[in-house]
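Peer 1:
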Amino acid sequence: MTTDLRVLDCTLRDGGYYNEWNFPRPVVDRYLQALQSARVDAIEIGFRLLPEDRFLGPYAYSTDAFLKTLPLPKEALLGVMVNAKSLLASADGPEAALASLFQKADRSPVRLVRIAAHFDDVARSEAIACWLKAQGYLVGINLMQAAGKSDEELQHAGAAIQRWGAVHVLYFADSLGNMTPPRVAATIRGLRHGWQGPLGIHAHDNMGQAAANCLAATDGGVAWVDGTILGMGRGAGNARTEHLLLALNDRTPNRYAPEALFPIVMEEFEQLRRRYGWGPNLLYYLSAAYSIHPTFVQELMGRGHDTHHMLEALEFLRRSGAAMYTDEILHQALSGNGGAGEGGWSAQGWAQGKTVMIVARGPGMHQHLDALCRFVDETSPVVIALNTNPDFPREKVTVFAACHRMRLLMDFKDYQQGDRPLIAPISMIPDEVRATLVQSPSLQILDYGLRVQPRTFEVGPTGCVIPGYAVAAYAMAVAEAAGAARILLVGFDGYGPADSRSLEMSNIFRLYQARPTTVPLLAVTPTTYDIPKSSVYSPGLR
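Throughout the sequence shown, residue numbering follows my numbering, covering 9 to 550 in sequence.
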């Protein structure tokens, strides 16, 4: 391990992806005092971004004027980060963009400026590094998505940066969180073929390897190690500063005072973690294993999509490749392959003039199950159970409906019982599941087609176009195509007005009811949705 080790904490910069860089001032004051007491070597206080047309908190811009209002530790090196991509895209060129952001270093509290750059942008980033050095700043380069780069790519980047003579420390970032200690060691060797100066590591924790990767890096001679308080950072987060200080103190006793961080970890930042929900989980692990940018998972979780939809989106991203995040790719993942929109079965006349009851698994279904079963026995509606719905008596079900590829993958053994037909878009079913289902001699599959298109609800005899992979929307389309006289909704309680799942379902109901050919909807168990309501106990319902 190098004796010139520096721990850099970048909580307010990397953690800002969760709160738009808008940290409460009391938290920041206590954070800065804690870092000073813990003897952390460097603090990356935030980004220094070019102006954006949206609200961002002060740590997105980290202007000198604002930084001078903070109780900055006197001993720690203060830094900010810039994005090479946005500077290079500036209409007036990167130097003019930098001049709008920075004054000379001797007039600024900032001493270190790190340039976040993808490998493809390294060659063009020389002007950025040289301009910053000329103003008196220490310059760092943060090479993003270093995992999986060949020795040749690493050597080429390191040698190019060495030739500039402007960079003090060269970082490599495990942006996708899928490095391992052996891969860290290989990355160091590759960079060392071209770069002779100090190295640094920025590790993400998608696979729970961030701390181990940092320690492996210090064993390999890396001098700069990043961490954040409680791991707060983009996606699954980063190596935890408090853990790094504890581990490094075992190697260099009394170098740091990690116990100074413990109160703020367990109080302020634990509250932030409960609010924003960063940290490793299965979805982040899968994103690392599939080489998917973690922002996709962060967005999926933040929007409240159900488990099956998120897993389906990740599978799409795995197949298509998504190492770089864009909103467009996320939309494609949520829409899947779109679907053909036409199936091999016509629903026309299948429930002509009948009542169709669509059964979801909300609390209202469980609470009023006895009354629902009596209603089915007395009136003989066509009962469509969404997915397998094991809590609703199977003998009361006419047909199951499913349209999530991942949900079909998980539930196909239940459908194989073959005692009830399955309505599903065959073209959307995974090949391995389709082969198994089709070969099941007792199972009848009614192939009603599906295509996903935002803000659209269209119904045809053999398929539908709906705004997302919502099985409720698919079942409503089937009921309308089948000629139902009315649709009774069971178990559609809602998730609360601010929950994105409720917003998604409300949008589906709005789109459905706005059409001139819609079949009347009627919720017969409690619901918060803006749809007509009755009660399964009402005599007028019979």
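Using N, Cα and C, we set each Cβ at its ideal position, and we do this for glycine too.
Computed from a predicted structure; not experimentally measured.
Taking one C-beta from the stretch 253 to 261 and one from the stretch 19 to 29 each time, how about it: are there three or more such pairs within less than 8 angstroms?
Peer 2: no
Peer 1: Less than 7 angstroms between the C-beta atoms of Ala92 and Ala125, yes or no?
Peer 2: Yes. Within cutoff.
Peer 1: Would you call the CB atoms of Gln163 and Gly202 closer than 7 angstroms?
Peer 2: yes
Peer 1: Return the CA-CA distance between Glu350 and Ile366, expressed in angstroms with no decimal places.
Peer 2: For Glu350 and Ile366, the distance between alpha carbons rounds to 22 angstroms.
Peer 1: For Ala174, which of Tyr145, Arg263, Asp182, Met187 has the nearest alpha-carbon?
Peer 2: Tyr145
Peer 1: Check each candidate in Leu294, Val498, Thr464, Val130 and name the one with the smallest Cα separation from Leu555.
Peer 2: Outside the shown range of the chain (9 to 550) lies residue 555, about which nothing can therefore be said.
Peer 1: Please classify Phe270: does DSSP put it in a helix, a strand, or coil?
Peer 2: helix
Peer 1: For Arg197, which three-state DSSP category applies?
Peer 2: helix
Peer 1: Between which two residues does the beta strand (DSSP E) harbouring Glu52 extend?
Peer 2: 50 to 55
Peer 1: Distance check for Ala330 and Ile337, CA to CA, integer angstroms please.
Peer 2: Near 8 angstroms, if we compare the C-alpha coordinates of Ala330 and Ile337.
Peer 1: Closest by CA to Ala321, which one among Gly476, Tyr69, Val88, Ile51?
Peer 2: Gly476
Peer 1: By DSSP, does Glu336 sit in helix, in strand, or in coil?
Peer 2: helix
Peer 1: Beta-carbon separation of Gly310 and Phe500 under 7 angstroms?
Peer 2: no
Peer 1: Give the range of the alpha helix (DSSP H) segment to which Cys472 is assigned.
Peer 2: Per DSSP, Cys472 belongs to no alpha helix (DSSP H); it is in the beta strand (DSSP E), 471 to 474.
Peer 1: Please look up how many angstroms separate the CB atoms of Leu184 and Ala296, rounded, as I've assumed it's under 8 angstroms.
Peer 2: 6 angstroms
Peer 1: Kindly indicate the opening and closing residues of the alpha helix (DSSP H) around Val486.
Peer 2: 479 to 489
Peer 1: Please list the terminal residues of the continuous beta strand (DSSP E) segment that includes Thr226.
Peer 2: Note, Thr226: premise wrong, no beta strand (DSSP E); alpha helix (DSSP H) at 218 to 227.
Peer 1: Rounded to whole angstroms, how far is the Cβ of Ala531 from the Cβ of Ile392, which I believe are closer than 8 angstroms?
Peer 2: The beta carbons of Ala531 and Ile392 sit about 15 angstroms from each other, so the pair does not count as a contact at 8 angstroms.
Peer 1: Measure the Cβ-Cβ separation of Gly471 and Gly457 and say whether it is below 7 angstroms.
Peer 2: yes
Peer 1: In this structure, how does DSSP classify Met513 when only helix, strand and coil are distinguished?
Peer 2: helix
Peer 1: Would you grab the beta carbon distance between Leu140 and Leu109 for me? Rounded to a whole angstrom, and I think it's under 8 angstroms.
Peer 2: At roughly 10 angstroms, the Cβ-Cβ gap does not stay under 8 angstroms, so Leu140 and Leu109 are not in contact.
Peer 1: Rounded to whole angstroms, what is the Cα-Cα separation between Ala50 and Ala225?
Peer 2: 18 angstroms
Peer 1: Taking the alpha-carbon positions, what's the Val36 to Val88 distance?
Peer 2: 16 angstroms
Peer 1: Give me, in chain order, the residues of the same chain whose beta-carbon lies closer than 6 angstroms to that of Glu488; leave out the 5 immediate sequence neighbours on both sides.
Peer 2: For Glu488, the CB contacts under 6 angstroms within the same chain, skipping 5 residues up- and downstream, are Val467, Val527 in chain order.
Peer 1: For Thr188, tell me which candidate among Ser448, Ala219, Arg119 has the shortest Cα-Cα distance.
Peer 2: Ranking the options by Cα distance to Thr188, first place goes to Ala219.
Peer 1: Would you kindly check if the distance between the Cβ of Tyr537 and the Cβ of Gly504 is under 7 angstroms?
Peer 2: no
Peer 1: If you count every other CB in all the chains shown that lies within 10 Å of the CB of Lys76, and 16 or more means buried, which is it?
Peer 2: exposed
Peer 1: Give me the Cα-Cα distance between Phe383 and Ala355, rounded to the nearest whole angstrom.
Peer 2: 24 angstroms
Peer 1: Write down every uninterrupted run of the alpha helix (DSSP H) in the stretch 144 to 169 whose length is 4 residues or greater and which is fully enclosed by it, in chain order.
Peer 2: none
Peer 1: Helix or strand or just coil, what does DSSP make of Ala368?
Peer 2: coil
Peer 1: Give the list of continuous beta strand (DSSP E) stretches no shorter than 3 residues that lie fully inside the stretch 74 to 114.
Peer 2: 85 to 91
Peer 1: Less than 8 angstroms between C-beta atoms, sequence neighbours within five positions excluded: which residues of the same chain meet that for Ser510?
Peer 2: Gly502, Tyr503, Gly504, Thr536, Tyr537
Peer 1: Quick check: Ala244 and Pro271, are their CB atoms within less than 7 angstroms of each other?
Peer 2: No, the pair does not count as a contact, with Cβ atoms beyond the cut-off.
Peer 1: Which residue's Cα is closest to the Cα of Ile149: Leu78, Val121, Ala265?
Peer 2: Val121
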